[in-house]
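Here is the structure we will look at, set down as structure tokens.
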Amino acid sequence: MTTYYPAFINLIGKKCVVVGGGKIAERKVLSLLNAGANVTVISPDLSSALERYKNRGKIKHIKRGYKKGDIKNAFLVIAATSDEAINSMVSKDAPFLVNVVDRPELANFIVPSVVNRGPMTIAVSTSGASPAMAKAVRKELEVFYNKDFGQYMSFLKQLRERAIKEIPNKKERERFLKDVASREIFNILREKGIIAAKKRVVEKFRLLKKGLC
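All residue numbers for the sequence shown refer to our numbering, where the first residue is 1 and numbers rise by one.
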């Protein structure tokens, strides 16, 4: 079995092509748009959501089937059609990164199940062994890391920037930043919610600045 190298790719401004215009392609396109990619969809027809993206100028649409050469300048390609021959052709033609939906043997990267919580992304993969298991684990993580974690992560991002400016001692700053990501804070977040967690962290920050923590 292939062991994949985990990585998060910066797609901002990159040309990405999705071959296919159905529901699966729709999900792939949305994830690419959320990553800041410039997306082109090649398909005779589009789902209603993809039509809306097209009408709003979010995607470029080539209204026909795939032809050799369509993806020669693409940074990343996703084959999401129901035609095995087309998917295989796309796999062979892709110059760099290619994903073929449900056919990992034709791809050089696979897309993991993902939990997004603000700036935090948790990715789960079984290296193609069981996509169903990856989805099941993702659902468990969605419950364990509830939506309050997204708000807390956004709060931590701002807090870290403030700590860099206001806590000059490096060791104290690092200790504080580890402390606000501790089990204590996680438990408060889960049991009492985001407001209580933020209140506790702000208190720690205030005490540290006073030299009492």
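Even glycine gets a Cβ: it sits at the ideal position worked out from N, Cα and C.
Between residue i and the ligand FMN, is the CB less than 7 angstroms from at least one heavy atom?
| i | result |
| --- | --- |
| V41 | As for the ligand FMN, it is missing from this structure, which has no ligand bound. |
Spell out the partners DSSP gives residue i in its beta bridges.
| i | result |
| --- | --- |
| I12 | I12 pairs with nothing; no bridge assigned. |
| R117 | M120 |
| N99 | I78 |
| I195 | In the DSSP output, where bridge partners are listed per residue, I195 has none listed. |
| N38 | K15 |
Could you check where the beta strand (DSSP E) with residue i kicks off and where it finishes?
| i | result |
| --- | --- |
| K60 | 59-62 |
Are residue i and residue j touching if we call contact CB-CB under 8 angstroms?
| i | j | result |
| --- | --- | --- |
| I62 | I42 | yes |
| L177 | R160 | yes |
| R272 | F149 | The question about residue 272 has no answer, for the chain in this structure spans 1 to 213. |
| A107 | V114 | no |
| V17 | T81 | no |
| I59 | V29 | yes |
| K209 | E166 | yes |
| G65 | P44 | yes |
| A49 | E26 | yes |
Using only CA atoms, which one of the options lies nearest to residue i?
| i | options | result |
| --- | --- | --- |
| I194 | K15, Y152, L46 | Y152 |
| S182 | K170, I167, K198, N169 | K198 |
| K157 | P119, R27, I188 | P119 |
By the DSSP assignment, the alpha helix (DSSP H) with residue i in it spans what residues?
| i | result |
| --- | --- |
| L177 | 170-179 |
| K157 | 147-166 |
| K139 | 131-144 |
| R52 | 48-55 |
What's the gap between the Cα of residue i and the Cα of residue j?
| i | j | result |
| --- | --- | --- |
| E126 | S31 | The sequence given here has Thr at residue 126, not Glu. Cα to Cα, T126 sits roughly 20 angstroms from S31. |
| R56 | S47 | 14 angstroms |
| I164 | K68 | 52 angstroms |
| N169 | K14 | 40 angstroms |
| R200 | K72 | 53 angstroms |
| A37 | L207 | 43 angstroms |
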